[in-house]
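In the UniProt record's numbering, the protein residues as written are 1 to 235. C-beta: ideal position from N, C-alpha, C; glycine also. The next block holds one structure in the form of structure tokens; read it before the comments.
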Amino acid sequence: MTETIAARRTLPWWPDVLLLAAFAALTVALIQDHLLALDERVADWAFGHQPPVPYWTARVLNYLGQGGQVLTPIGLILTGLLTYRTRSIRALFPFIAAYVVTYLTIGPMKLYFDRAAPRYEGPFKTEMFNPVASGVESRSFPSGHMGNALVWYAVFGILAAALLRRTLTRWEFFAIRVLPVVIVFITTVYTGFHWLTDSIAGLLLGLFLARLVERIPWDRIPVPEMRGWERPAGL
């Protein structure tokens, strides 16, 4: 577990700077009406190639990026198992952190940028700060599916490693951290839940947030004496 903590703490910062710069550049480009035609072409192609079997398969697989219906329950199960095994309050920290970083970033951005989703049938649907769309129809940028997936599967990886009491193998890392994110990206664009650039923005922001969560030395956070519940959780 020491190697796992060290690996998280020694992550270089320059990729994070690049991720934020790329996210900012993409956001500015969209605000200035660049890449909108690309988004429309990709969405039009997706809507024109949705026979029932591929479409509904994609719809089901897209649940891998659903925060409340899939990611939160899985996170609760893993957190509960680790808390039961370790009798440590620290086992709760990654789960709490996932909620905090996503709700303080992705949610407010969706409300601020006010971009309609591809399935919206009103005017200005590709534009940022849509003056007409409102409610759930105006919360497309950045993709919450992508942002949530990257953060939550990073937390799943942290919790799984603690439960296994070892670092994840390369294949385990791929299965937990990479494959679900790839599936969510493809299905989110294909089903028309988000524009291509929404998903790219969610990918950039989500990866930044995931790396932020990975850096935290959970077992070294100062906590008051709690009758033994402050002990390390192997995170």
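| Asked | Found |
| --- | --- |
| Alpha-carbon spacing of residue 99 relative to residue 121, whole angstroms | 32 Å |
| Beta-carbon proximity check, residue 141 vs residue 198, cutoff 8 Å | yes |
| Segments of 4+ residues assigned as alpha helix (DSSP H) that fall wholly inside the segment 170 to 235 | 170 to 173, 179 to 190 and 196 to 215 |
| Whole-Å CB distance - residue 61 paired with residue 159, under 8 Å assumed | The pair is not a contact, with the Cβ atoms about 22 Å apart (cut-off 8 Å). |
| Where residue 121 falls: helix, strand or coil (DSSP) | coil |
| Residue 151 and residue 202 closer than 8 Å at C-beta | no |
| The ligand FMN heavy atom lying under 7 Å from the CB of residue 159 | Annotation note on the ligand FMN: not contained in the displayed structure, which lists no ligands. |
| Three-pair Cβ contact test at 8 Å for the segment 125 to 137 versus the segment 219 to 233 | no |
| Among 95, 66 and 107, the one whose alpha carbon lies nearest that of residue 181 | 66 |
| For residue 119 and residue 189, the rounded distance between their alpha carbons | 11 Å |
| Buried versus exposed, by CB contacts within 10 Å (16 or more), residue 204 | buried |
| Among 212, 63, 53 and 83, the one whose alpha carbon lies nearest that of residue 15 | 212 |
| Cβ-Cβ distance between residue 164 and residue 157 below 8 Å | no |
| Exposure of residue 38, with buried meaning 16 or more beta-carbon neighbours within 10 Å | exposed |
| Backbone secondary structure at residue 145 - three-state DSSP | helix |
| Contacts around residue 117, its chain only, beta-carbon distance under 6 Å, and the 5 residues preceding and following it disregarded | 140 |
| N-terminal and C-terminal residue of the alpha helix (DSSP H) that residue 73 is part of | 72 to 86 |
| Touching by the beta-carbon criterion (3+ pairs, under 8 Å), the segment 43 to 61 and the segment 170 to 187 | yes |
| Cβ pair residue 153, residue 177 closer than 8 Å | yes |
| Run of the alpha helix (DSSP H) containing residue 56, from where it starts to where it stops | 52 to 61 |
| Member of 210, 221 and 171 whose CA lies at the smallest distance from the CA of residue 13 | 210 |
| Distance CB(residue 229)-CB(residue 74) smaller than 8 Å | no |
| Local conformation of residue 109 per DSSP, three classes | helix |
| Short Cβ contact (8 Å threshold) for residue 76 with residue 148 | no |
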